[in-house]
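Participant: Same order as they appear, the protein sequences are chains A and B.
Per our numbering, the very first residue in the first sequence carries number 1; after that it's consecutive.
Per our numbering, the very first residue in the second sequence carries number 1001; after that it's consecutive.
Idealized CB from N, CA, C, for every residue including glycine.
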Amino acid sequence: MSDDDKYATQVALVKEECKDADVGEITEEFRRYENEFLIPPNDALRSVIRKFQAASGQEMTTISPTQTRIEKKVDRFSDLGSDDKNVTIEVAVVTYVPRVQMVRGEEKQIAFGWIEDNPWESNDKRERWDFKDWGAHSENLAPNSVVRLEGVSVNEWNDKRSININRGSRVTVLREGGPAVPTLSDEPVTIEKASENEGYVNLLARIISLKPDIIVKKDGSGSLDIFRGTFADSSGKISFLSWVPINHEVGDLVKVEGAMIRKFRETPEVNINDRTKIEKYHDNNFASIEELSKATTSKIGDLRNGMKDIITTVQVESWQSRSFTNSEGEEKIVRSGDVMDPTGRCRLTAWCDMNPKPGDFLHLTGARVQFWQGSPDLVVDNIDQISNLTDAPWEAIDPEQHWVEIELSDLVNSGSRRGIKTRGTIVAVRPDSGIIERCPECRRILRDSNCLDHGAQHGVEDLRLKFVIDNGIHNASLILAKEPSEEFLGMSQEMVKEKISQRGKEDFVSEVRGKSLARKVVINGRSLVDEQGAMILAEDVNFDSVSNEDTANIVVKEWGVLL
Amino acid sequence: MGGASMMNQTRARRQSAIRIFAQEYSDANLPLEGVGEYDPSFIITKLGAKVNRAIFGGVIDRFERREGDNGPNYNGHLRDATGGIHRFQIAQFQPELHADAEELLARFESGDRYLMMMIGRARWFESDDGGIFTSFRAEEFCIVERPVYVNWLVETSEATLRRLAAYSASLGSDNNSEALKSAGVPLDLIEGMILAKGHYSDFDPESYKVGVLQGLSMALNSNSEIDNMISPSGNDIEKDNSLNTFSSPESENKSDVPKSEPKGDVEDVILNAVRNSSSPDGIPYDSIVLSCVEAGFSRELSEDAIEDLRDIKCQIIEPRFGFFQILD
């Protein structure tokens, strides 16, 4: 094989970077690296490119003398340990998002984004990591460039690793980033898709609300003028917060480039800063503001903590009001009740004078969601946000029978919900099931007759059962308070207490296990979902009555099994 | 945007219990050890199941207590509809399970056979020559009525069908997550599938269908087969109880199949294995058993001989649970 053929791939790469270089000279250079310096062509590539860039007068970064620290040179992120420091790696820069962050009381310009290892290979052979730039290397970290990072460190937080580019780190540009951002991230995505992850996005959306707002700095050093509003497209809507003035109006269709999706509580929000580009866009086929406002009404099952500007319709199940004196000595009245729609139920709190009757249908606009005891609940502040519908939007729901069936996997992956029905197999009976003692002040469980807040207490006895249910893919804790426990066991709290005092707690748990382990149960209750996992507070639990034969027939049919 | 990785900042959650037949689990020999202190470890099966925790059931097939320095531990086998066995242990550091284990042991020793369901964590042991022996450490268990076991058979049949479908979907696909995802492999199986395909050589997935068909037939037809399984006079049980027969219950595990007629005395084989072990901590139990099996002795005979040498003849000692040394 001639040298021309042997080095053809590498020569082509060099030619891409240095168009004026002579092929014969490049080949000769690779031959020299291999024969004289014993560096194989792939490893020599960067050196050769640099040489020809320098020869053609292209700008390049000078390399300062290497430091004496022990460096770890790797090709792939997977070769890095969680506490590796002084790492050298070549990466492709995917995104670079600057932001101002308070570091030890000082306002600092930092940046974060994504980098990918294996930058000379196609995208599907790369791994993507987050990085943080603490050293203002923005000039050398343009998106779509390939750079060598030296003296960077690995950061691990919550099992997730990322790269810290520090002040002392060196960033060498191996291939300049061009205006051509990879098409993958250049294309606007739907709001639904953008809401799935935090990170950098482009959107094509209509502004359906916009108003100026003020953020008062917590340290009392003043306030910031900001803008808040809502974008919508046919897939959904999303709130935005802009740190810069928005020169567009409600109703405008805009193309947004380089915005950040961040989470406020559990709800994704678009962040707009001076790096974000917003321009008016023309598309007569894009949904109108009227259509979008209609399309973005929410159902109770979709509510998440932190949501704002919600349009929804609910059926009232119950209603109460109570008065209290606030910290300024004013007498206030708060009204609240249980409400439902076909997707579930929640509480509604009103800070205004309204007194609906059970069975009324209310149409709410501009409502917000707050967490109360772990469940997302609706809040309205003004009476003009509420209208009492005369025409029923659905056949009246019977609150006694209203349990919305949801697969365990969907339940685990959605937000907290009330009024759900799900099923799973009991795979654990917790040893702390049985009689417990609660603090008479706060109902918290006593440990050795002590409450965390109220000290030594004469506890109030209570009964509960704790299980884990599972469908083979997802799992959730299942907790039964006194009444559902008594019903499930077919025993009163007194009987349970008697049993435990006679035969011991382990014996009781073993008996519950013998009765329930590996059995499939159907649960009505509510779910609390957070980053720790899902928990179901059951109102009642029953063994699944579907026969094995029926289940087997479904499996045979669904999977086309020939018996 | 491919930004999924930015959101995975959660602590390790509880691992769900994989529904798995004995055959698929005992065929597996690919462990995936967690890196961090609390990272879970897994056994990856040929069909790509990532097993850290499993729910399994079957008829009790073997159950014994072994006395250790710090208390007893228990070993047993549950045999399921695939004919394979689920090996399980109850460790001495699980005293909360010992009372129930004793009760079950008493019933077993009196000749009673019963269906059990168990939740267990995957564990494995690697022999000196690199063989991987899989088993479960019991977490919770109970005796169950037939419908509960059949329900597990149906669920496990479905879970196995799902993995079989994922495996065949993966056949025409590149072995990376994007490609497997677009080929239709469910998200929870992708990681295991990538590892499995990188490790195992080609195999015939049809063999895993046998268990599925048996499981579903039992739910749909008469339950006579299960009755056979739990009747103590059943053929298999008889075979299993006779020490010197190279019986079928073990035959699904190829390493246990004697290759030839027994050579020499089983005690010599054991003593040689223990003596020749290079490990300062002693030779692991399963390595001794493997040596015996390779020399043509049955597992049962070997296990009894090990106990005899340890407890009666006092020629070997077990200074640490599961590891043996020569008593000089």
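1) Three or more C-beta pairs under 8 angstroms: does that hold for the segment 523-531 of chain A against the segment 414-428 of chain A?
2) Unbroken alpha helix (DSSP H) runs of length 4 or more, entirely within the segment 1172-1213 of chain B: which are they?
3) What residues from the segment 1110-1137 of chain B come within 7 angstroms of chain A, judged by C-beta to C-beta, listed N to C?
4) In chain A, what lies closer than 7 angstroms to residue 1216 of chain B by C-beta?
5) Starting from residue 9 of chain A, follow the beta strand (DSSP E) in both directions and report where the run begins and ends.
6) Starting from the beta carbon of residue 257 of chain A, find every residue of chain B whose beta carbon is closer than 9 angstroms, and list them in chain order.
7) Under a CB-based cut-off of 8 angstroms, is residue 1142 of chain B close to chain A?
8) So, do the segment 1049-1057 of chain B and the segment 1011-1020 of chain B have three or more beta carbon pairs nearer to each other than 8 angstroms?
9) How about residue 1080 of chain B: is its C-beta nearer than 8 angstroms to some C-beta of chain A?
10) Go ahead and pull the three-state DSSP assignment for residue 617 of chain A.
11) Taking Cβ-Cβ distances shorter than 7 angstroms, what residues in chain B pair up with residue 92 of chain A?
12) Would you mind stating whether residue 171 of chain A and residue 165 of chain A have Cβ atoms separated by less than 8 angstroms?
13) Among residues of its own chain, excluding the 5 on either side of residue 356 of chain A, which ones have a beta-carbon nearer than 7 angstroms to its beta-carbon?
14) Flag this pair as yes or no: are the beta carbons of residue 271 of chain A and residue 259 of chain A separated by less than 8 angstroms?
15) Counting only C-beta atoms, is residue 1220 of chain B closer than 8 angstroms to chain A at any point?
16) Just to confirm before moving on: does the CB-CB distance between residue 197 of chain A and residue 261 of chain A stay below 8 angstroms?
17) Between residue 1106 of chain B and chain A, is any beta-carbon pair separated by less than 8 angstroms?
18) What does DSSP give as the partner residues of residue 477 of chain A in its beta bridges?
19) Please work out which residues of its chain come closer than 7 angstroms, Cβ to Cβ, to residue 1097 of chain B, disregarding the five sequence neighbours upstream and downstream, and give them in chain order.
20) Verify whether the separation of the beta carbon atoms of residue 1211 of chain B and residue 1082 of chain B is less than 8 angstroms.
21) Quick one: using the 10 Å Cβ neighbour count with 16 as the cut-off for buried, is residue 1140 of chain B buried or exposed?
22) Cβ atoms of residue 429 of chain A and residue 348 of chain A: under 8 angstroms apart, would you say?
23) Hey, how far is the Cα of residue 71 of chain A from the Cα of residue 257 of chain A?
24) Leaving out five residues before and five after residue 360 of chain A in sequence, what residues of the same chain have Cβ atoms less than 7 angstroms from its Cβ?
25) Less than 8 angstroms between the CB atoms is what I'm expecting for residue 1122 of chain B and residue 1042 of chain B, so what's the real figure, rounded?
26) Is residue 237 of chain A buried or exposed, if buried means 16 or more other CB atoms sit within 10 Å of its CB?
27) For residue 343 of chain A, which three-state DSSP category applies?
28) With DSSP as the reference, label residue 555 of chain A as helix, strand or coil.
29) Can you tell me whether residue 303 of chain A is helix, strand or coil according to DSSP?
30) What does a CB cutoff of less than 6 angstroms around residue 92 of chain A pick up in its chain, not counting 5 residues either side in sequence?
31) Should residue 329 of chain A be flagged as near chain B, meaning a C-beta pair shorter than 8 angstroms?
32) Between residue 1256 of chain B and chain A, is the shortest Cβ-Cβ distance under 8 angstroms, so that the two count as touching?
33) Please list the partners that residue 1100 of chain B has in chain A, where partner means a Cβ-to-Cβ separation under 7 angstroms.
34) Can a CB atom of chain B be found closer than 8 angstroms to the CB of residue 126 of chain A?
35) Assuming residue 1098 of chain B is part of the alpha helix (DSSP H), what are its boundary residues?
36) Are the CB atoms of residue 1164 of chain B and residue 1219 of chain B nearer to each other than 8 angstroms?
Facilitator: Well, looking at it:
1) yes
2) Within the segment 1172-1213 of chain B, the complete alpha helix (DSSP H) runs of at least 4 residues are 1177-1182, 1187-1199.
3) Within the segment 1110-1137 of chain B, the residues whose Cβ lies closer than 7 angstroms to some Cβ of chain A are 1117, 1119, listed in chain order.
4) 552, 555, 556, 561, 563
5) It is not in any beta strand (DSSP E) - residue 9 of chain A instead sits in the alpha helix (DSSP H) that spans 8-17.
6) Under the 9 angstroms cutoff, chain B gives no residues; its nearest Cβ is about 13 angstroms from residue 257 of chain A.
7) Yes, contact with chain A.
8) yes
9) no
10) Any answer about residue 617 of chain A is impossible in this case: the structure gives chain A only from 1 up to 563.
11) In chain order: nothing, as chain B lies at least about 13 angstroms away.
12) Note that the C-beta distance between residue 171 of chain A and residue 165 of chain A is below 8 angstroms.
13) 316, 319, 362, 388
14) Going by beta carbons, residue 271 of chain A and residue 259 of chain A fall inside the 8 angstroms limit.
15) yes
16) yes
17) No - not a single Cβ of chain A is within 8 angstroms of the one on residue 1106 of chain B.
18) A/468, A/535
19) Excluding positions up to five away in sequence, the list reads 1090, 1138.
20) In this structure, the beta-carbon distance from residue 1211 of chain B to residue 1082 of chain B falls below 8 angstroms.
21) buried
22) No, Cβ-Cβ distance for residue 348 of chain A and residue 429 of chain A is not below 8 angstroms.
23) Approximately 38 angstroms, taken between the alpha carbons.
24) 316, 388
25) 6 angstroms
26) buried
27) coil
28) helix
29) If DSSP states are grouped into helix, strand and coil, residue 303 of chain A belongs with coil.
30) 116, 119, 146
31) For residue 329 of chain A, the closest Cβ of chain B is not nearer than 8 angstroms.
32) Confidence in residue 1256 of chain B is poor, its pLDDT being 42 and thus under 50, which makes the residue's placement unreliable; the coordinate value appears in the next sentence. For residue 1256 of chain B, the answer is no, since every Cβ of chain A falls outside 8 angstroms of its Cβ.
33) What residue 1100 of chain B touches in chain A: 510.
34) no
35) Judged by DSSP secondary structure, residue 1098 of chain B falls within the alpha helix (DSSP H) whose first and last residues are 1095-1109.
36) no
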